[in-house]
Amino acid sequence: MNQKNKNEMKKELQEIERKEKDKNFRDYCLSHGHRPVTRRELLGAGLMSFTASMTVPTLAGMMIPRYASAAENCPSSAAGGSAMTTFITLNLAGGAMLAANYLPTDQGRQPLPTYNIMGLGNGSVPVEREFGNVPFAGDDGTGNIISKLLVGIRATASQDTLSKTAFVSVPVRSRDDSGANPFDISGLVAKAGLLGAELPNLGRRQSDTGMNHMYAKVKPPTPLIVGNYSDIDGALNLGATGPLSNLSEEQRLSVLGLVKKLSETQTTRVLQNAGGRMLSNLVECAIGKNIEIAQAEKPSVDVRQDASLRGVWGVDAGANDNNQDVIFGSMVKAGLIGTAGTVTLERGGYDYHNNTRTTGDQRDQEAGATIGRILESASLFNKKVFLYVTSDGACVSPTSDDRNAPWRSDRGSAGIVYMLAFDPSGRPETSDHMVGHFTDGQAADNTFVTGGNPELAASAVFANYLKFNNRMDLIQPVLGTTFNTSQLDQVIKFG
Amino acid sequence: MKNMLRSFWKTVSYTISFLLITVAYNNCGNFNSDGGQVASSATTEALNGDIVPLPNTKTSSVIRASRVLDNLVSCLGTIEPSTASRQEWSRNRGTISEEGLANTISQPMVKSMVGIAAQVCNDLLQKEIATNPNERRIFPDVDLDNGGFGTNQLTLVSRRLARSCWGRNPTDDEITTITRDVAATFSGDEDNRTATRNKAIYLCTSMASSFSTYEM
Numbered sequence: 001m002n003q004k005n006k007n008e009m010k011k012e013l014q015e016i017e018r019k020e021k022d023k024n025f026r027d028y029c030l031s032h033g034h035r036p037v038t039r040r041e042l043l044g045a046g047l048m049s050f051t052a053s054m055t056v057p058t059l060a061g062m063m064i065p066r067y068a069s070a071a072e073n074c075p076s077s078a079a080g081g082s083a084m085t086t087f088i089t090l091n092l093a094g095g096a097m098l099a100a101n102y103l104p105t106d107q108g109r110q111p112l113p114t115y116n117i118m119g120l121g122n123g124s125v126p127v128e129r130e131f132g133n134v135p136f137a138g139d140d141g142t143g144n145i146i147s148k149l150l151v152g153i154r155a156t157a158s159q160d161t162l163s164k165t166a167f168v169s170v171p172v173r174s175r176d177d178s179g180a181n182p183f184d185i186s187g188l189v190a191k192a193g194l195l196g197a198e199l200p201n202l203g204r205r206q207s208d209t210g211m212n213h214m215y216a217k218v219k220p221p222t223p224l225i226v227g228n229y230s231d232i233d234g235a236l237n238l239g240a241t242g243p244l245s246n247l248s249e250e251q252r253l254s255v256l257g258l259v260k261k262l263s264e265t266q267t268t269r270v271l272q273n274a275g276g277r278m279l280s281n282l283v284e285c286a287i288g289k290n291i292e293i294a295q296a297e298k299p300s301v302d303v304r305q306d307a308s309l310r311g312v313w314g315v316d317a318g319a320n321d322n323n324q325d326v327i328f329g330s331m332v333k334a335g336l337i338g339t340a341g342t343v344t345l346e347r348g349g350y351d352y353h354n355n356t357r358t359t360g361d362q363r364d365q366e367a368g369a370t371i372g373r374i375l376e377s378a379s380l381f382n383k384k385v386f387l388y389v390t391s392d393g394a395c396v397s398p399t400s401d402d403r404n405a406p407w408r409s410d411r412g413s414a415g416i417v418y419m420l421a422f423d424p425s426g427r428p429e430t431s432d433h434m435v436g437h438f439t440d441g442q443a444a445d446n447t448f449v450t451g452g453n454p455e456l457a458a459s460a461v462f463a464n465y466l467k468f469n470n471r472m473d474l475i476q477p478v479l480g481t482t483f484n485t486s487q488l489d490q491v492i493k494f495g
Numbered sequence: 001m002k003n004m005l006r007s008f009w010k011t012v013s014y015t016i017s018f019l020l021i022t023v024a025y026n027n028c029g030n031f032n033s034d035g036g037q038v039a040s041s042a043t044t045e046a047l048n049g050d051i052v053p054l055p056n057t058k059t060s061s062v063i064r065a066s067r068v069l070d071n072l073v074s075c076l077g078t079i080e081p082s083t084a085s086r087q088e089w090s091r092n093r094g095t096i097s098e099e100g101l102a103n104t105i106s107q108p109m110v111k112s113m114v115g116i117a118a119q120v121c122n123d124l125l126q127k128e129i130a131t132n133p134n135e136r137r138i139f140p141d142v143d144l145d146n147g148g149f150g151t152n153q154l155t156l157v158s159r160r161l162a163r164s165c166w167g168r169n170p171t172d173d174e175i176t177t178i179t180r181d182v183a184a185t186f187s188g189d190e191d192n193r194t195a196t197r198n199k200a201i202y203l204c205t206s207m208a209s210s211f212s213t214y215e216m
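From first to last, the protein sequence lines are chains A and B. Counting from 1, one number per residue, gives the positions in the first sequence under this note's numbering. Counting from 1, one number per residue, gives the positions in the second sequence under this note's numbering.
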């Protein structure tokens with residue numbers, strides 16, 4: 001068959017197909033009294049393949065209204081398994097002295113001349129290594145590990161888990177005792193594709209981010225604020241409590257069905273408005289998603305119902321809904337099994353400069369215990385996790401050679417954030433344990449690209465998250481031109 | 001010559017087909033409830049998902065979180081929200097858009113609207129139960145004590161709820177949808193007090209959490 005005959009046959013086939021679709025379209029209109037609008041209706045009318053095979057864009061544009069594919073434009077979810085790694089933020093609200101746990105070094109990766117306003121004494125701080133070769137403030141000579149955060153981690157995470165975890169810090173100056181630091185990257189992570197099968201974003205505080213930080217670059221999906229476990233349960237199971245609990249399961253589902261039918265009709269009234277098409281689409285998607293959730297068989301995210309996780313989180317089956325470890329454990333489980341997208345935990349009490357070291361050490365150890373539990377939970381589920389530890393500002397001690405000097409005041413210039421990445425198949429490869437460095441003045445170097453700007457530091461964390469996911473193709477579409485190539489090379493330490 | 005003629009008629013037939021399809025398509029059904037065609041709003045949405053206001057065009061928005069409870073209390077006429085309603089709103093307000101921007105609508109937000117509406121509807125029901133039937137605002141025709149919530153009462157109640165919460169009369173299509181769904185959902189239930197009250201909660205919640213209630 002020569003090329004000419006092939007082309008003629010192709011044209012004939014296209015003509016036949018088009019006539020058939022035209023007939024389907026007319027039949028649909030006649031039988032339904034309206035044109036096909038939704039994806040389902042288009043499929044029902046046999047028009048979806050038609051739209052795909054049309055070769056005249058302007059004609060296709062006239063044939064199919066812009067909002068017709070609304071259902072196709074719903075935000076994607078992790079249903080069926082998101083390819084992106086579980087992402088958890090742990091914020092220590094108040095200004096934790098993270099730089100007195102992990103031991104920051106100078107640009108040459110040498111110890112600072114002194115740490116005497118960082119509560120660690122002179123420059124010869126004993127070092128305890130973990131996560132490969134990462135330095136933490138070590139034994140003070142009495143068998144006491146100075147870094148209580150490390151003590152907490154080791155108390156709750158097994159050595160096997162720690163051997164499969166990488167750690168990288170990002171020194172960055174931040175505002176003390178402030179919610180104005182744009183450290184949150186859950187919006188960026190969601191934009192990269194981690195949305196959760198049912199709940200896009202979980203948080204703990206009434207704010208845009210679910211914690212006491214502003215967001216960096218991209219506003220996150222509105223978080224479900226988890227005040228106690230029943231908030232998650234209520235979000236996953238409509239009518240689990242309250243007046244709707246008097247209805248049967250089918251009747252509760254029917255409520256959503258009626259809301260959907262009414263709303264679909266009602267949103268057509270706003271299509272001419274600015275943003276009307278988007279609003280209509282989002283309403284349709286949101287209600288449809290609720291129906292999907294109501295119909296789906298759901299694995300429990302309740303940490304109390306999982307014997308192994310109960311051990312990790314130190315809770316018993318009868319623990320209260322408002323027990324912090326019940327809440328944290330359940331939120332973490334929701335993230336690990338893909339029910340939730342980004343998960344933001346927050347611990348309070350980190351504005352702990354009360355002229356003692358006792359309160360600070362206790363809080364640091366509690367934070368470490370939470371970090372260890374998150375890593376251990378991931379290990380239990382055999383899942384990767386990327387954990388981001390933040391705070392607002394830091395502390396200063398009196399000038400002292402004491403390796404356990406008390407915390408006297410705020411000092412945001414000594415701020416630092418952590419990244420920890422667990423991979424059940426083995427410790428993720430890293431090229432360094434620090435993005436940027438500290439100066440001899442015992443502060444984050446703000447001449448480094450991320451050292452003086454929390455939003456850039458947060459962006460660097462996101463870049464490392466993408467690298468950990470082997471998705472550097474998303475840098476440009478999600479992060480844009482925040483960093484040039486040279487800067488990306490400086491800030492990416494994973495992989 | 002023959003080929004030229006064939007080509008000419010082919011072009012003519014394509015053109016006529018195209019015009020017929022376009023005309024038939026545009027006459028096929030209601031584009032929107034006003035009978036007008038739907039304008040493309042492609043230019044109103046920036047690539048980053050933000051909504052760009054247009055001159056002389058209303059910008060879509062929804063009720064902001066701080067107003068959700070007050071709005072429901074007002075439209076359902078319960079005057080004061082119960083503790084349960086306040087708690088439900090407080091627990092869920094974080095999922096509802098702070099600014100009412102159209103691009104912030106999410107699955108948890110819609111679910112929260114349903115949950116809060118259910119609580120305020122329960123406030124309404126309890127208030128109406130305690131009120132003389134002739135003095136009830138929404139359910140005067142319904143025997144909430146002994147049962148009795150037929151199609152006629154359903155239509156009347158739906159109209160009252162729509163006028164109150166949607167600010168307009170329901171369309172015939174909406175009434176049809178409501179009566180059909182209520183009938184199907186409660187088809188196996190006896191016409192007793194429990195079923196009647198459940199129907200009242202079902203109807204009120206569905207209407208009070210549909211889009212027209214929280215559209216701004």
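Cβ coordinates follow ideal geometry from the N, Cα and C atoms, glycine included.
**Tyr102 (chain A) - partner residues in DSSP beta bridges** = Looking up residue 102 (chain A) in the first sequence gives position 102. Partner(s): A:Phe136.
**Prompt:** Out of A:Val435, A:Asn228, A:Thr359, which has the shortest C-alpha to C-alpha gap to Gly415 (chain A)?
**Reply:** Position 415 of the first sequence, counting from 1, holds the residue named residue 415 (chain A). Nearest C-alpha to Gly415 (chain A): A:Val435.
**Request:** Work out the CA separation of Glu366 (chain A) and Gly360 (chain A) for me, nearest whole Å.
**Result:** Position 360 of the first sequence holds residue 360 (chain A). Position 366 of the first sequence holds residue 366 (chain A). Looking at the two C-alpha atoms, the distance is approximately 10 angstroms.
**Request:** Determine the closest residue to Ala100 (chain A) out of A:Leu90, A:Gln107, A:Thr89, A:Leu112, with distance taken between C-alpha atoms.
**Result:** Position 100 of the first sequence, counting from 1, holds the residue named residue 100 (chain A). Out of A:Leu90, A:Gln107, A:Thr89, A:Leu112, A:Leu112 has the C-alpha closest to the C-alpha of Ala100 (chain A).
**Asked** In whole angstroms, what is the alpha-carbon distance linking Asn134 (chain B) and Glu128 (chain B)?
**Response** Here residue 134 (chain B) refers to the residue found at position 134 when the second sequence is read from its first residue. Here residue 128 (chain B) refers to the residue found at position 128 when the second sequence is read from its first residue. Computed Cα separation, rounded: 10 angstroms.
**Asked** Just checking, does the region 307-320 of chain A make contact with the region 168-178 of chain A on the three C-beta pairs under 8 angstroms criterion?
**Response** no
**Asked** Could you check where the beta strand (DSSP E) with Arg129 (chain A) kicks off and where it finishes?
**Response** On the first sequence, residue 129 (chain A) is found 129 positions in, with the first residue counted as 1. First-last of the beta strand (DSSP E) with Arg129 (chain A): 127-130.
**Prompt:** Taking Cβ to Cβ, would you say Ile138 (chain B) is nearer than 9 angstroms to Ser112 (chain B)?
**Reply:** For the purposes of this step, residue 138 (chain B) is identified with residue 138 of the second sequence, where counting begins at 1. For the purposes of this step, residue 112 (chain B) is identified with residue 112 of the second sequence, where counting begins at 1. No, the Cβ-Cβ distance between Ile138 (chain B) and Ser112 (chain B) is not below 9 angstroms.
**Request:** Name, please, each residue of chain B whose Cβ falls closer than 9 angstroms to the Cβ of Ser147 (chain A).
**Result:** Locating residue 147 (chain A) in the first sequence gives position 147, counting from the first residue. Chain B residues near Ser147 (chain A): none, gap ~34 angstroms exceeds 9 angstroms.
**Residue nearest to Asn116 (chain A) in terms of C-alpha spacing, selected from A:Pro406, A:Glu284, A:Asp432, A:Gly196** = As a position in the first sequence, residue 116 (chain A) is number 116, starting the count at 1. Looking at the Cα atoms, A:Pro406 is the closest of the given residues.
**Prompt:** Quick one, which residues of the region 179-190 of chain B are near chain A if we go by CB-CB under 7 angstroms, in chain order?
**Reply:** Asp181, Thr185
**Rounded Cβ spacing between Thr85 (chain A) and Phe328 (chain A) (contact assumed at less than 8 angstroms)** = Taking the first residue of the first sequence as position 1, residue 85 (chain A) is located at position 85. Taking the first residue of the first sequence as position 1, residue 328 (chain A) is located at position 328. Contact doesn't hold; Cβ gap of about 19 angstroms is too wide.
**Asked** For Asn122 (chain A), which residues does DSSP report across the bridge?
**Response** As a first step, residue 122 (chain A) is located in the first sequence; it is residue number 122 there, counting from the start. Its beta-bridge partners are A:Thr114.
**Item:** Nearest to Gly393 (chain A) (by Cα), restricted to the options A:Tyr350, A:Phe381, A:Leu380, A:Arg403
**Value:** Taking the first sequence and counting its residues from 1, one reaches residue 393 (chain A) at position 393. When each option's Cα is compared against that of Gly393 (chain A), the closest is A:Tyr350.
**Beta-bridge partners of Arg6 (chain B), as assigned by DSSP** = In the second sequence, counting from the first residue as 1, residue 6 (chain B) sits at position 6. Bridge partners of Arg6 (chain B): none, in fact.
**Request:** Tell me whether the beta-carbon of Val461 (chain A) lies closer than 9 angstroms to the beta-carbon of Leu380 (chain A).
**Result:** Position 461 of the first sequence holds residue 461 (chain A). Position 380 of the first sequence holds residue 380 (chain A). Contact flag unset, no.
**Request:** State the Cα-Cα distance for the pair Ala84 (chain B) and Val120 (chain B), rounded to the nearest angstrom.
**Result:** On the second sequence, residue 84 (chain B) is found 84 positions in, with the first residue counted as 1. On the second sequence, residue 120 (chain B) is found 120 positions in, with the first residue counted as 1. Using only the alpha carbons, I get a separation of about 9 angstroms.
**chain A contact residues for Pro108 (chain B), given Cβ-Cβ distances below 8 angstroms** = Taking the first residue of the second sequence as 1, we reach residue 108 (chain B) at position 108. Chain A residues near Pro108 (chain B): Leu199, Pro200, Thr222, Leu224, Ala235.
**Prompt:** Secondary structure at Asp410 (chain A), three-state DSSP: helix, strand or coil?
**Reply:** Residue 410 (chain A) sits at position 410 when you count from the first residue of the first sequence. Looking at Asp410 (chain A) - three-state DSSP - the assignment turns out to be strand.
**Prompt:** How about Ser431 (chain A) and Lys493 (chain A): are their beta carbons less than 9 angstroms apart?
**Reply:** One-based indexing of the first sequence puts residue 431 (chain A) at position 431. One-based indexing of the first sequence puts residue 493 (chain A) at position 493. Their beta carbons are under 9 angstroms apart, which means Ser431 (chain A) touches Lys493 (chain A) by this criterion.
**Request:** Write down the C-beta distance between Leu90 (chain A) and Val491 (chain A) rounded to the nearest angstrom, noting that I regard them as a contact closer than 8 angstroms.
**Result:** The residue labelled residue 90 (chain A) in the question sits at position 90 within the first sequence. The residue labelled residue 491 (chain A) in the question sits at position 491 within the first sequence. That belief does not hold up - the Cβ atoms of Leu90 (chain A) and Val491 (chain A) are roughly 21 angstroms apart, past 8 angstroms.
**Request:** Check the C-beta distance from Asp402 (chain A) over to Gly121 (chain A) and give it rounded, since I have them as a contact under 8 angstroms.
**Result:** The count along the first sequence starts at 1 and reaches residue 402 (chain A) at position 402. The count along the first sequence starts at 1 and reaches residue 121 (chain A) at position 121. With 8 angstroms as the limit, Asp402 (chain A) and Gly121 (chain A) qualify as a contact, their Cβ atoms being about 6 angstroms apart.
**Prompt:** Of all the residues that make up the region 243-264 of chain A, which are near chain B by a beta-carbon distance shorter than 8 angstroms?
**Reply:** Taking 8 angstroms as the cut-off between beta carbons, the residues of the region 243-264 of chain A near chain B are Pro243, Leu244, Asn246, Leu247, Glu250, Gln251, Ser254, Val255, Leu256, Gly257, Leu258, Val259, Lys261, Leu262, Ser263, in sequence order.
**Asked** Got a sec: does the ligand PLP put a non-hydrogen atom nearer than 8 angstroms to the Cβ of Thr268 (chain A)?
**Response** Among the ligands in the structure shown, none appear at all, so the ligand PLP cannot be discussed.
**Prompt:** On the three-state DSSP scale, how would you describe Met62 (chain A)?
**Reply:** Counting from one through the first sequence, the residue named residue 62 (chain A) turns up at place 62. Confidence in Met62 (chain A) is poor, its pLDDT being 38 and thus under 50, which makes the residue's placement too unreliable to answer from.
**Request:** Could you list the residues in the region 193-212 of chain B with a C-beta less than 9 angstroms from some C-beta on chain A, going in chain order?
**Result:** Thr194, Arg197, Asn198, Ile201, Tyr202, Leu203, Thr205, Ser206, Met207, Ser209, Ser210, Phe211, Ser212
**Request:** For Ala157 (chain A), go through chain B and note every residue whose CB falls closer than 9 angstroms to its CB, in chain order.
**Result:** Locating residue 157 (chain A) in the first sequence gives position 157, counting from the first residue. Here the premise fails: no neighbours, minimum Cβ distance about 31 angstroms.
**Message:** Could you check whether Trp166 (chain B) and Thr213 (chain B) sit closer than 9 angstroms to each other, using their CB atoms as the reference points?
**Reply:** What you label residue 213 (chain B) is simply residue 213 of the second sequence in a count that begins at 1. What you label residue 166 (chain B) is simply residue 166 of the second sequence in a count that begins at 1. Yes. Within cutoff.
**Inter-stretch contact (C-beta, 8 angstroms, three-pair minimum) for the region 275-289 of chain A and the region 184-204 of chain B** = no
**Message:** Under 8 angstroms, with one C-beta from each stretch per pair, do the region 56-67 of chain B and the region 99-107 of chain B reach the 3-pair mark?
**Reply:** Verdict: yes, contact present.
**Request:** Could you check which residue in B:Met216, B:Thr179, B:Ile79 has the C-alpha nearest to that of Leu262 (chain A)?
**Result:** In the first sequence, counting from the first residue as 1, residue 262 (chain A) sits at position 262. For the options B:Met216, B:Thr179, B:Ile79, the alpha carbon positioned closest to that of Leu262 (chain A) is the one of B:Thr179.
**Exposure of Gly210 (chain A), with buried meaning 16 or more beta-carbon neighbours within 10 Å** = Position 210 of the first sequence, counted from the first residue, corresponds to residue 210 (chain A). Classification for Gly210 (chain A): buried.
**Asked** Curious, which full-length beta strand (DSSP E) runs of at least 3 residues does the region 393-439 of chain A contain?
**Response** 416-422
**Item:** Beta-ladder partner(s) of Asn201 (chain A), from DSSP
**Value:** Looking up residue 201 (chain A) in the first sequence gives position 201. Paired residues: A:Thr342.
**Message:** On the DSSP letters alone, give me the boundaries of the beta strand (DSSP E) that Ala165 (chain A) sits inside.
**Reply:** Stepping through the first sequence from its first residue, residue 165 (chain A) is reached at position 165. Looking at the sequence itself, residue 165 (chain A) is Thr, so the reference to Ala does not match. It spans 165-171 - the beta strand (DSSP E) in which Thr165 (chain A) sits, taken as one unbroken run.
**Message:** At the level of alpha carbons, what is the spacing between Asp445 (chain A) and Leu474 (chain A)?
**Reply:** Within the first sequence, numbered from 1, the residue matching residue 445 (chain A) stands at position 445. Within the first sequence, numbered from 1, the residue matching residue 474 (chain A) stands at position 474. Approximately 28 angstroms between the Cα atoms of the pair.
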